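J.:
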Amino acid sequence: MSFVTLPTDLLLYILSPDLLSSWPVNRRSQRWNELLECVVIDIDTVSALAQHGTQKAILHQLKKLDPKSLNLKDIIIKSSSRGHTTVVQQLLKEGADANATGFMGKTVLHLAAENGFHLVVQQLLEHGSDIEAKEYRGRTALYGAALLGHHLVVQLLLKSGADAEARCYNGQKALYAGAINGHEMVVRLLLENGSQVEMKCKAGRDTLEWATRNGNEAIMQLLLQMEIDLEAKDEIGQTVLHWAADNGHMMLAWLLLEQKTHVETKDENGRTALHLAAQRGHESTVSLLLENGANIEARDKYGFTALFLAVSNDNVLVAWVLLKKGANIATKSDVGQTALSVAAQQEYEFFPRLLLERGSNVMAKDKWEFTALHRAADKGRDRVVQLLLDNGAVVDSKNEYGQTPLSLAAEEGHKAVVQLLLDNGAAVDAKDEGGQTPLSWAAEGDHKAVVELFLNNGASVDAKDKSGRTSLSWAASKGHEAVVQLLLDNGAMGGAKDDRVDAKDDRGQTPLSWAAEGGHEAVVQLLLDNGAAVDAKDKNGWTPLSWAAEGGHEAVAQLLLDNGAMVDAKDKNGWTPLTCAASKGHKAMVQLLVENGADIQIEDSGIEVTVFGAAALGGHKAVIELLLVYGIDKDVADNHGRNALHLAARSGHLEIVKYLLDHGMDVAAKDKRDFTTLHYAAAGSSLDVLEWILQSHHSDWEKRNGWSTLH
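Residue numbering for the sequence shown follows the numbering used here, starting at -2 and increasing by one per position.
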């Protein structure tokens, strides 16, 4: 019978012998023997017993079966991993392979070693198991035992001649494996048997680094007894002292300093051990380093001192220690920041208050002329803002870009800070270098509550920046419907609503034009409902419909058309919205415009590019096909005499050129200068088009005034 069909009490005994512990001893033994005698177990069940059963059950069945009929390899692999010493011994006597290999290339020795079964290991070694055999990662049995801390197995393997310096495929040794998991006895045994401490292996981190980062003092003391270069650096220039400081292992740092490790060594970022300890908030390690000569004013590659790093990471106790030890609060980083400007960006006012009490300059400016107040306002730190104002910060100080703290707070939508600054006299309409006001920044950022706050405090809704744009223009261009409504409802004193809704910038674009360009349907509807001129033209003659068409915004285009937009409005070059859509390849938009009456073939001597030509110029085959379905005259020319084939050739669209010729266009057709398709291909350096035309169309190309295609 198979394993799963055995009597229930025997199955339970095999899997969990303690389940029968409640039986009287004599009855339990009697029942056990009865079951073993009466049950016939097949070969597969013996293998299962090796995985799940007791040694007694396995040995009993081995006696009943012919060893030659058994899968000895499978049984010894499972028995080795389970620590069945007697079973392994019996199997080896029956001829089982002491080097049998299982999953992932692990031999029976690997399995016994990594599970800590030293008696099984001894049996296998006595029967010739290869002590240096490697599994798929190149690990020996010694490595596996060291990794899991089985010191008795490690001791046995070393005594039996295992190579303590054997490496995995990534360069790691057993010493590394023992150190990484903090196995002191294993590390001691390996060191005593000649394993060498290295600063790196192919895998990156080394034995010493792992011991340091894990904070294992006992292992560190063992390693320090060896001849180790404590000043050796890793791939980012850090020494063992850096590692100890970074992880806050004060005792390890003390051990290293006792060994005269250099306290001022810098890594590739220019940071000392003190920098790292301060950044991580390890105040006891910071104190230890300072007591051992660490330079409190050491600067990293960015000019940051330990105080900067402590403050920027909210490490209160470290900052307190550094200040007590005399850290210079006026020191500036490479970009001119002081500790106060860094502290001002943090959530709580403790650090700024501490620094101000010690005399920090509240108006110190960095490289970009930001003050601490700018930084606090930008981050929305209202309590810090109040503290700085109480200590003399100038409320309307401007940075390099002309922005006041109010502008920065408005841009980020920090209502509480905006209110605080206004209450302290901030200029509500202060303009930056680009001419934008705080209201403009808030409107662009969709900060409705802040916009409302500004309007309630008298901000000018009609103020224009240097490009002539109003707050409404910015809000409309970003699609901020609620802000647009708010601005429309709150016009400047004396300003007409119609003037506001159609206010043009320096490009001549209105808020409706910007909203249409961005495809913001809800804002377009809102502006139209408030009387926006649907056909207002910018300086190039583009209407809102032109912008919507170019962007492929079908819903917006339909909305504009439903509100009376001129479908064939022309710009300065004769382009209509249909031309704009065709030039960008918006097939659905082209279809929409044509279905709404757009003229696909406007006859006008002033047309710079025809609709068909615009599609060809952009290489938009789908639009070309659609226009042909609508019956467009494929040979129509613009005011230069150029047809679609000319423009496709100049732009290098070979597929379009072939398509147009297949549909009857004349390769020899001339423009007003007598230039043919071949000339245009040459002029556009479209070599593939040029080559194809020359090979496919052998004609006597006419030339004008001695011009050839080479010209």
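All C-beta atoms, glycine included, are put in the ideal place defined by N, C-alpha and C.
Nothing here was measured: the structure is a model prediction, and the numbers come from that model.
1. Just the Cα atoms here: how many angstroms apart are Leu384 and Ala327?
2. Along the chain, where does the alpha helix (DSSP H) containing Arg296 start, and where does it finish?
3. Out of Gly234, Met182, Leu509, which has the shortest C-alpha to C-alpha gap to Asn213?
4. Would you kindly work out how many angstroms separate the C-alpha atoms of Gln443 and Val480, rounded to a whole number?
5. Residue range of the alpha helix (DSSP H) that Glu214 falls in?
6. Give the straight-line distance between the Cα atoms of Ala714 and Gln256, rounded to the nearest whole angstrom.
7. Output needed for Asp297: all residues of its chain with C-beta closer than 7 Å, excluding positions within five of it in sequence on either side, in chain order.
8. So, using beta-carbon positions, are Val633 and Ala646 closer together than 8 Å?
9. Have a look at Leu69 and Asn112 and give me their C-alpha separation to the nearest angstrom.
10. Could you give the first and the last residue of the continuous alpha helix (DSSP H) run that contains Leu145?
11. Give the single residue among His147, Leu155, Gly102, Leu116 whose Cα lies nearest to the Cα of Ile128.
12. Tell me the DSSP secondary structure of Thr282 in three-state form.
13. With DSSP run on the structure shown, which of helix, strand or coil describes Thr209?
14. Exposed or buried, which one is Ile648 when buried takes at least 16 other CB atoms within 10 Å?
15. Return the bridge partner residues of Thr104 from the DSSP annotation.
16. What's the gap between the Cα of Gln416 and the Cα of Val381?
17. Going by DSSP in three states, Arg380 sits in which element: helix, strand or coil?
18. Thinking Ala176 and Thr204 are a contact (beta carbons under 8 Å), I'd like their distance in whole angstroms, please.
19. Taking the beta carbon of Arg134 as the centre, do at least 16 other beta carbons fall within 10 Å, making it buried, or is it exposed?
20. Just how far apart, CA to CA, sit Asn244 and Trp251?
21. Could you have a look at Lys584 and say whether DSSP puts it in helix, strand or coil?
22. Should Gln692 be labelled buried (16 or more other beta-carbon atoms within 10 Å of its own) or exposed?
23. I think Thr368 touches Lys376, with their Cβ atoms under 8 Å apart; what is that distance to the nearest whole Å?
24. Give the secondary structure of Arg136 by DSSP, where H, G and I count as helix, E and B as strand, and everything else as coil.
25. Quick one: give me the first and last residue of the alpha helix (DSSP H) that Asn640 is part of.
26. Under three-state DSSP, which class holds Arg164?
27. Excluding five sequence neighbours on each side, which residues of the same chain lie with their C-beta closer than 8 Å to the C-beta of Ser404?
28. Which runs of the alpha helix (DSSP H) fall wholly inside the segment 640 to 697 and span at least 4 residues, in chain order?
29. If I measure Cβ to Cβ from Ala473 and keep anything under 6 Å in the same chain, skipping five residues before and after, which residues do I get?
30. Under 8 Å between the Cβ atoms of Ser157 and Leu108?
31. Measuring straight from C-alpha to C-alpha, what distance separates Ala489 and Leu452?
32. Buried or exposed: Trp725, going by 16 or more other Cβ atoms within 10 Å of its Cβ?
33. Rounding to the nearest angstrom, what Cα-Cα distance links Ala500 and Glu652 in this structure?
34. Taking one C-beta from the segment 559 to 579 and one from the segment 538 to 551 each time, how about it: are there three or more such pairs within less than 8 Å?
35. Report buried or exposed for Ile233, applying the criterion of at least 16 other Cβ atoms within 10 angstroms of its Cβ.
36. Give me the DSSP bridge partner(s) of Lys170.
T.: The short version:
1. C-alpha separation (whole angstroms): 19 Å.
2. Neither: Arg296 is in no alpha helix (DSSP H) and is coded neither H nor E.
3. Met182
4. Going by the sequence as given, residue 443 is Asp instead of Gln. Spanning the two alpha carbons is a distance of roughly 6 Å.
5. 214 to 221
6. Since the first and last residues shown for the chain are -2 and 708, residue 714 lies out of range.
7. Excluding positions up to five away in sequence, the list reads Asn266, Gly267, Arg268, His272.
8. no
9. 20 Å
10. That residue, Leu145, is in no alpha helix (DSSP H); it is neither H nor E in DSSP.
11. It is Leu155.
12. helix
13. helix
14. Correcting the residue type first, residue 648 is Ser in the shown sequence and not Ile. Answer is buried; the Cβ neighbour count reaches 16.
15. Thr98
16. 14 Å
17. helix
18. 5 Å
19. exposed
20. The straight-line gap from Cα to Cα measures roughly 13 Å.
21. helix
22. exposed
23. About 13 Å; that fails the 8 Å criterion.
24. Coil.
25. Looking at the DSSP string, Asn640 is not in any alpha helix (DSSP H), and its letter there is neither H nor E.
26. Correct three-state label for Arg164: strand.
27. Ala427, Asp429, Gln433, Thr434, Pro435, Trp438
28. If we require 4 residues or more, the alpha helix (DSSP H) runs fully inside the segment 640 to 697 come out as 641 to 648, 651 to 659, 674 to 680, 684 to 693.
29. Apart from sequence neighbours up to five positions away, the residues of its chain that approach Ala473 with a beta-carbon distance below 6 Å are Val481, Pro508, Trp511, Ala512, Val520, ordered along the chain.
30. Their beta carbons are not under 8 Å apart, which means Ser157 does not touch Leu108 by this criterion.
31. At Ala489 the pLDDT is 36, less than 50, meaning the model places this residue with poor confidence; the figure from the coordinates comes in the next sentence. Between Ala489 and Leu452, the C-alpha separation is close to 9 Å.
32. This structure cannot settle anything about residue 725, because the visible part of the chain is limited to -2 through 708.
33. 45 Å
34. yes
35. exposed
36. In the DSSP secondary-structure assignment, Lys170 is bridged to Arg164.
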